[in-house]
Ligand SMILES: [Zn+2]
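Right under this line is the structure:
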């Protein structure tokens, strides 16, 4: 993980669970880092357990379901699986790597 990724990761840890995907993206763009760098960070999946994007989506859906009285813990892995099945089409513009 390079210094840029470190910076984005800090931003992510600080804001985790408080912001949606688009708001987090805005925060990333505000760091002034190039878009490709941000995209790469969001889509990186070094442990194979889901990308940062998947993790944010998981947090968001856990929160949404919670608001509807459904208590489940969505994980990044769940989101990754659904995404790979094509259930979450539209969330991703293009597959990376
Ligand atoms: Zn990096």
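Numbering (the numbering used here), first residue to last: 28 to 124. Quick reminder that beta carbons are idealized off the backbone N, C-alpha and C, glycines included.
**Report entry** DSSP three-state assignment for residue 87, whether helix, strand or coil
**Finding:** Correct three-state label for residue 87: helix.
Contact test: residue 55 Cβ vs ligand 1 heavy atom, cutoff 7 Å:
no
* To do: Identify the continuous alpha helix (DSSP H) that holds residue 56 and give its terminal residues.
  => In the DSSP assignment, residue 56 falls within the unbroken alpha helix (DSSP H) covering 48-57.
Classify residue 106 as helix, strand or coil using the three-state DSSP reduction.
Residue state, collapsed to three classes: helix.
task: Evaluate residue 99 with the Cβ neighbour count: other Cβ atoms within 10 Å of its Cβ, from every protein chain shown; 16 or more gives buried, anything less gives exposed.
output: exposed
Discussion item. Suppose you measure from the CA of residue 75 to the CA of residue 50; what does that come to, to the nearest Å?
Written reply: 25 Å
For this session: Measure the beta-carbon distance from residue 80 to residue 46 and round it to whole angstroms, keeping in mind my assumption that it falls under 8 Å.
Result: In fact, because the Cβ distance is near 13 Å, the residues do not count as touching under 8 Å.
Open item on the list: Whole angstroms are fine: how far does the CA of residue 40 sit from the CA of residue 92?
Closed with: 22 Å
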